[in-house]
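The next block holds one structure in the form of structure tokens; read it before the comments.
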């Protein structure tokens with residue numbers, strides 16, 4: 129992988145994580161999502177596969193290791209949102225339906241999901257900032273310096 133390809137990977141990761149934030153908001157708003165937009169573990173997304181695979185050659189670069197924890201947390205928050213919204217097959221009783229408590233429960237779930245969403249947004253912003261910083265470091269490196277990590 130050369131410098132340009134590496135920069136493309138980092139930019140794709142930033143774009144992808146912004147999309148995941150949009151997907152989480154869409155879930156909360158009740159928009160059905162395609163299967164590939166359902167939350168996955170941090171090691172299963174495209175960036176996670178690269179980060180834990182080929183990207184490990186960069187672990188000596190300042191800021192690279194610091195991506196792992198926020199990235200893991202971002203995926204945890206997305207999973208939590210998904211679990212809040214879809215984790216239980218809740219079927220309200222006849223009386224609950226009659227008195228509207230199922231709507232109240234749905235509103236409470238959405239509110240709780242929005243609280244998690246705000247945390248997810250912060251994680252995403254942190255990751256994007258770290259990716260931009262890493263990109264700047266890599267851009268500033270000479271080819272020979274970068275080759276030491278990629279070899």
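In the working numbering, the protein residues as written are 129 to 279. From the three backbone atoms N, C-alpha and C, an ideal C-beta is built for every residue, glycine too.
Is DSSP giving residue i helix, strand or coil here?
{"i": "residue 157", "result": "coil"}
{"i": "residue 266", "result": "helix"}
{"i": "residue 189", "result": "coil"}
{"i": "residue 169", "result": "coil"}
{"i": "residue 272", "result": "helix"}
{"i": "residue 242", "result": "helix"}
{"i": "residue 181", "result": "coil"}
{"i": "residue 162", "result": "coil"}
{"i": "residue 362", "result": "Outside the shown range of the chain, which is 129 to 279, sits residue 362, and nothing can be said about it."}
Looking at the unbroken alpha helix (DSSP H) that takes in residue i, where does it start and where does it end?
{"i": "residue 207", "result": "196-214"}
Indicate whether residue i and residue j have their beta-carbon atoms separated by less than 8 Å.
{"i": "residue 155", "j": "residue 213", "result": "yes"}
{"i": "residue 256", "j": "residue 142", "result": "yes"}
{"i": "residue 266", "j": "residue 278", "result": "no"}
{"i": "residue 84", "j": "residue 245", "result": "In the structure displayed, the chain extends from 129 to 279; residue 84 sits before or after that span and is not available."}
{"i": "residue 166", "j": "residue 210", "result": "yes"}
{"i": "residue 283", "j": "residue 144", "result": "Because the chain is modelled from 129 through 279, residue 283 falls outside the range shown and cannot be assessed."}
{"i": "residue 159", "j": "residue 248", "result": "no"}
{"i": "residue 195", "j": "residue 206", "result": "no"}
{"i": "residue 131", "j": "residue 271", "result": "yes"}
Just to confirm, does residue i get its C-beta within under 7 Å of one of the non-hydrogen atoms of the ligand MN?
{"i": "residue 172", "result": "Ligands displayed in this structure: none; no statement on the ligand MN is therefore possible."}
Exercise. Can you find at least 3 beta carbon pairs, one from the region 171-190 and one from the region 234-246, that sit closer than 8 Å?
Worked result: no
For this session: Check whether the region 259-273 touches the region 196-206, counting contact only when three or more Cβ pairs, one atom from each stretch, lie closer than 8 Å.
Result: no
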